[in-house]
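Peer 1:
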Amino acid sequence: MDDDRPGERQLALMRGAPAKGRAPAEPATELPVARVLVDVPLAHLDRPFDYLVPQKMAEAAVPGARVKVRFAGQDRDGFVLERIGRSDHEGMLAPLRRVVSAEPVLSPQIARLSGSVAARYAGTRSDVLRLAVPSRHATVEKQASIEPAEATHDVPAAGRAWEGYVGGAELVRRLASGESPRAVWSAKPGEDWASLLAHAAAATHARGRGVVLCLPDRRDVARVDRALSTVLGERHHVVLTADLGPAARYRAFLALSRGAVRIAVGTRAAAFAPVHDLGLVAIWDDGDDLHAELRAPYPHAREVLLLRAHEESCAAIVGAVARTAEAQLLVETGWAEEVVATREAVRAASARVNIAGATDAELARDAFARSARLPKEAHDAIRDALQAGPVLVQTPRQGYVTSLACDDCRTPARCRHCSGPLALPAPREAPTCRWCGRREQGWVCSVCDGNRLRAPVLGERRTAEEIGRAFPSVGVRTSSGERVLSEVDPAPGIVVATPGAEPDVAGGYACVVLLDTWLMLARPDLRTSEESLRRWLNAAALARPAAQGGRVVVVGESGDPVLQALVRWDPAGFARRELEQRGSAHLPPVSRLATLVGDASAVSAMTDSLELPPGAELLGPAPFDPPPGARLQDSQVRVVVRVPRAAGSQLSRTLVQAQGVRDAKKLPTVRVQVDPVALG
DNA sequence: GCTAACTGAGCA
DNA sequence: GCTCAGTTAGCG
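Each residue of the first sequence is one higher than the one before, starting from 187 at the first, in our numbering.
1) Where does Ala198 fall in DSSP's three states?
2) Where does Gln627 land, buried or exposed, given buried means 16+ other C-beta within 10 angstroms?
3) Under a three-way DSSP split, which group does His772 fall into?
4) Cα separation between Val226 and Ala246?
5) From the DSSP secondary-structure annotation, give me the bridge partner or partners of Gly452.
6) Taking the CB atoms as reference points, tell me whether Gly266 and Ala220 lie closer together than 8 Å.
7) Let me make sure I understand the geometry here. Which of Pro830, Ala513, Leu707, Ser366 has the alpha-carbon closest to that of Pro891?
8) Quick one: measure Cβ to Cβ for Ser665 and Ala692, integer angstroms, because I've assumed they're closer than 8 Å.
9) Starting from Leu700 and walking both ways along the beta strand (DSSP E), at which residues does that stretch end?
10) Skipping 5 residues on each side, what residues in its chain have a beta carbon closer than 8 Å to that of Ala833?
11) In terms of residues, what are the limits of the beta strand (DSSP E) holding Trp371?
12) Does DSSP put Tyr436 in a helix, a strand or coil?
13) With three or more beta-carbon pairs closer than 8 Å as the criterion, would you say the stretch 237 to 257 touches the stretch 276 to 292?
14) Given a threshold of 16 other Cβ atoms within 10 Å of its Cβ, counted over all protein chains shown, does Ala198 qualify as buried or as exposed?
15) Let's test the definition: count the other Cβ atoms within 10 Å of the Cβ of Leu805 and tell me whether it reaches 16, buried, or not, exposed.
16) Give me, in chain order, the residues of the same chain whose beta-carbon lies closer than 6 Å to that of Ala726; leave out the 5 immediate sequence neighbours on both sides.
17) In terms of residue numbering, what span does the alpha helix (DSSP H) encompassing Asn724 cover?
18) Enumerate in chain order the residues of its own chain whose CB-to-CB distance from Ile541 is below 7 Å, with the five nearest sequence positions on each side excluded.
19) So what does Ser787 bridge to, in DSSP terms?
20) Would you list the residues sitting across from Pro141 in a DSSP beta bridge?
21) Quick check on the burial criterion: 16 or more other C-beta atoms within 10 angstroms. Buried or exposed for Ser321?
22) Could you tell me how far apart the beta carbons of Arg368 and Trp521 are, in whole angstroms, since I believe they sit closer than 8 Å?
23) Measuring only the C-alpha atoms, how far is Ala392 from Gly735?
24) By Cβ distance, which residues of its chain are closer than 6 Å to Asp232, with the 5 residues on each side in sequence left out?
25) Excluding the five sequence neighbours on either side, which residues of its own chain have a C-beta within less than 6 Å of the C-beta of Val863, listed in chain order?
26) Could you check what DSSP says for Val847 in three-state terms: helix, strand or coil?
27) Could you check which residue in Arg640, Leu608, Asp403 has the C-alpha nearest to that of Ala455?
28) Once DSSP output is grouped into helix, strand and coil, what is the label at Ala478?
29) Note down, one range per segment and in chain order, each alpha helix (DSSP H) of at least 4 residues found wholly within the stretch 278 to 338.
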C-alpha cells in the first residue's frame, strides 16, 4: 500500500546520523515509521511524534511497546502508538533510540482511553499513562506467562444471587448472553454485595468476556477477591492494588495484557486495567472519595469506567448502598437502568431506625447527653443490644469537622448572613464564615441563646473513652485510620469506628449508633448531604434486620431531610432531590466545573485567555487556603469556572489550550482540576 | 521541561 | 569578526 523502498528517502533525511564515525542505521523495510507518544507532561506537546524504525528494531517496535527516543535533545520514554508506512512530518525523522521491550504494554483501547480521560480532565496523556501503565519489571516480564485457565461458570447460580432485585436476574441474563446492559444498582441493607459483583463478573466471563471491578479500598478488594475465588476459583482473576509492590503489580498487569486472565479487581488504578474483550465494568460505592485519583489530572474511577463502557461498548454496573447524584443522572438520562430491591424487600432487610435527641434543645437539657454525647435513648438502645450481640458506634473522623459549635448545646455555629459554617481563621481571631468571609462579632446561639463557642472535640479514641465510661463492663474496640479492623466477633461488645472503617460482623450488628450527625452535615462542601447519607447508610446497612431485633439509632435533628432519607431508607429519592438541587445550584454533575488555583496574576491571566462557552460562570477569584498538610504558598487564589454539562468538553478543551500556551511560555503554574470531588 | 539556535553586547 | 551570556522557539 505504500511506496516501494520506503526507507530510502527517509534514510537520506535521517537526522541524528552522525557526521563522522557510525553509519546511519538502516530503516525497517516494512512500516519504517513509528508514531510515538513521548512522555512529556506538557500540554502543547501532548501529540504523537514520528520516528524512524531502524531495521534492527523492526520486530520489537510493535504498537504498544515502550521505547526510548531522542526528544528536544535528550532521551525520553515513549510508547509506540502505531507503525505506519510514511510520515506526514515535513522534516527529518530521528531514529528510535531503543526499544525497551517488545511487550505491548499500551493496548489500542487504553491508548484511546488515556486520550479521552485527558480530554475529560483537561490533562495530558502522559500524566494519564503514568496512572495506567505500571513501570516495567524485567524479571517478571521474562517469566513465562500463565496459561489461560479453562472457565466453567454456573450462570443459573448468578441469576439466583441477583433475584432479590427488580431487573437483577435480567441483568445477569444479559451479561451471560454477551449483551451490554448498564445498571445503577442500589444494594439493600445487609447485602453480600461482594458476592453479587462476583456473580455478575462470572456471568460476563462465561462468554469469555473480560471484567474490571473497582472498589474503594484494600479491604473491599479483598472481599471481592474472596467472593470471586468462591464463585469462579482462584485462577480467573487478578488483584490490582497500590500496596502490591512493583513486581506483583507488573505480574498482574501482564496477566491481563497478555490475555491470560480476564477479570481485574482493584482500587481506582484498576480502572485502567488492560483487560481483553471487555464485557463489564463495575464500581462499588462510587461516592467514596477514594475513587478520586490524587495525581494529575485527578480522574475519578467511575468516570474512567464509564468512558470505557462507552468506548468499548460494554456493560456497566454502578453499585452502592447509597446513590450519588452522578449515578442518578445516569438513570435520569436513560443511560442506565435502575436495579433496586422492592420496597418490601428493603423493609424486610432493614433495621428499625430511630432518631434520638429530637432537637438540639432537647439534647442540651439531657444531662447525660452532655457528658457522653449520647442521648438517653441511644444509651438504652446500646445497653439492650449488648444482650444480643455487637454494637457499632460511628463517629466523625478527627479533623474532619472544622466548624464551631455552641459550647452549651453543641448546635453548629452558623453565619447569620448566609448560614455558612463559622470557623476560626487563626487562634485568637474572630470567628469567620467559611462561605462569605464575614467576621462574626457578637455570636448568639439560635437554639439556646448561649454565647460561647467551642471547637468540637472529636475522634474515635475520645468517643471510645466516653462510651467506655458509660458501659464500664463492656469491651470497647476502635477501628479507624491506619488501624482498621476488617471484622469483629459476633459476640456482644462495642466497636467505635470512623466512617468507612466499620468492621464487618457475621450476622450483622445488634445495634448501630450514628453520633454527631449534625457535625457531619455542617461540613462546608458541595457534597455534604450526599456524603453524609452515604456514610450513614453504609453503617446502617451493617445492622441486623428489624425482625431479628436490629436497631439503628441516629443522634441528630429529626427534621433534617438527610436524616429523613435515612429513616425511610430512600437513597434513590434522596439522589433525585439532590440532583435537582445540584441543577438549580449549577453544581456537578448537572454543570461541569473546574477550579484554577495559583498566583492571583497567573490565575487572572489564564481566565482572561479562556474561550468560554455560552452559559459559563466565573466565580472568584477568592483567597485559597491550601488543605491542612499541604505546603504553604502565599497569596494563592482560586477561581471556579462552571458551564452547562453539554459544554463540558469545550471547557476542558479551552483549559488544555490555555495550559499549553502557559507551558510553552514558561508562565507560573496554575493548577487546573475538572470536577474536583471536594469543593470546600 | 530541555536543548540548540539565535540574538546582540563587548571586545580585539 | 569572533566569543559569550542571555533569550527563546521548537521539540519528529
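Cβ coordinates follow ideal geometry from the N, Cα and C atoms, glycine included.
Keep in mind that this is a model prediction, so the values were computed, not measured.
Peer 2: From the atom records:
1) Here residue 198 corresponds to residue number 12 of the first sequence, with the count starting at 1. Low local confidence applies: a pLDDT of 37 at Ala198 is under 50, so the model's placement there is unreliable, with the coordinate-based value given in what follows. Helix, per DSSP.
2) Within the first sequence, numbered from 1, the residue matching residue 627 stands at position 441. It is exposed - the Cβ of Gln627 has fewer than 16 other Cβ atoms within 10 Å.
3) For this step, residue 772 is matched to residue 586 along the first sequence. Residue state, collapsed to three classes: coil.
4) Within the first sequence, residue 226 is the residue found at index 40, counting from 1. Within the first sequence, residue 246 is the residue found at index 60, counting from 1. So the alpha carbons of these two residues sit roughly 23 Å apart.
5) Position 266 of the first sequence, counting from 1, holds the residue named residue 452. Cys400, Leu426.
6) As a working note, residue 266 is residue 80 in the first sequence. As a working note, residue 220 is residue 34 in the first sequence. Note that residue 266 is Val in the sequence shown here, rather than Gly. Contact: yes.
7) Any answer about residue 891 is impossible in this case: the structure gives the chain only from 187 up to 866.
8) The residue given as residue 665 occupies position 479 in the first sequence. The residue given as residue 692 occupies position 506 in the first sequence. That pair is no contact at about 16 Å.
9) As a first step, residue 700 must be located in the first sequence, where it is residue number 514. Per DSSP, Leu700 belongs to the beta strand (DSSP E) from 697 to 700.
10) Taking the first sequence and counting its residues from 1, one reaches residue 833 at position 647. Closer than 8 Å at Cβ, skipping near neighbours: Arg778, Pro799, Pro800, Gly801, Ala802.
11) Reading the first sequence from its first residue, position 185 is the one you call residue 371. Start and end: 368 to 372.
12) As a working mapping, residue 436 is identified with position 250 in the first sequence. Tyr436 falls in the helix class under three-state DSSP.
13) yes
14) Working through the first sequence from its first residue, we reach residue 198 at position 12. With a pLDDT of 37 at Ala198, under the threshold of 50, the modelled position of that residue is not reliable, and no figure is offered here.
15) As a first step, residue 805 must be located in the first sequence, where it is residue number 619. Under this definition Leu805 is an exposed residue.
16) Reading the first sequence from its first residue, position 540 is the one you call residue 726. Closer than 6 Å at the Cβ level, and outside the excluded window around Ala726, lie Val698, Val738.
17) Residue 724 sits at position 538 when you count from the first residue of the first sequence. It spans 714 to 726 - the alpha helix (DSSP H) in which Asn724 sits, taken as one unbroken run.
18) Reading the first sequence from its first residue, position 355 is the one you call residue 541. Excluding residues within five positions, the ones whose Cβ falls inside 7 Å are Val740, Gly742, Ser744, Leu749, Val753.
19) Here the question's residue 787 lines up with position 601 in the first sequence. Paired residue(s): none; Ser787 is not in a bridge.
20) Summary: the structure shown does not reach residue 141, with the chain confined to residues 187 through 866, and so no result is reported for it.
21) Working through the first sequence from its first residue, we reach residue 321 at position 135. Classification for Ser321: exposed.
22) For the purposes of this step, residue 368 is identified with residue 182 of the first sequence, where counting begins at 1. For the purposes of this step, residue 521 is identified with residue 335 of the first sequence, where counting begins at 1. That belief holds up - the Cβ atoms of Arg368 and Trp521 are roughly 6 Å apart, short of 8 Å.
23) The sequence position of residue 392 within the first sequence is 206, counting from 1. The sequence position of residue 735 within the first sequence is 549, counting from 1. Ala392 and Gly735: Cα-Cα distance of roughly 40 Å.
24) Here residue 232 refers to the residue found at position 46 when the first sequence is read from its first residue. Within the same chain, Asp232 has close Cβ partners Thr310, Arg311.
25) Your numbering for residue 863 matches position 677 in the first sequence. Here the set comprises Asp475, Ala478.
26) Here residue 847 refers to the residue found at position 661 of the first sequence. Correct three-state label for Val847: helix.
27) As a working note, residue 455 is residue 269 in the first sequence. Closest by alpha carbon: Asp403.
28) Translated into the one-based positions of the first sequence, residue 478 becomes position 292. Strand, per DSSP.
29) 294 to 306, 311 to 318, 324 to 328
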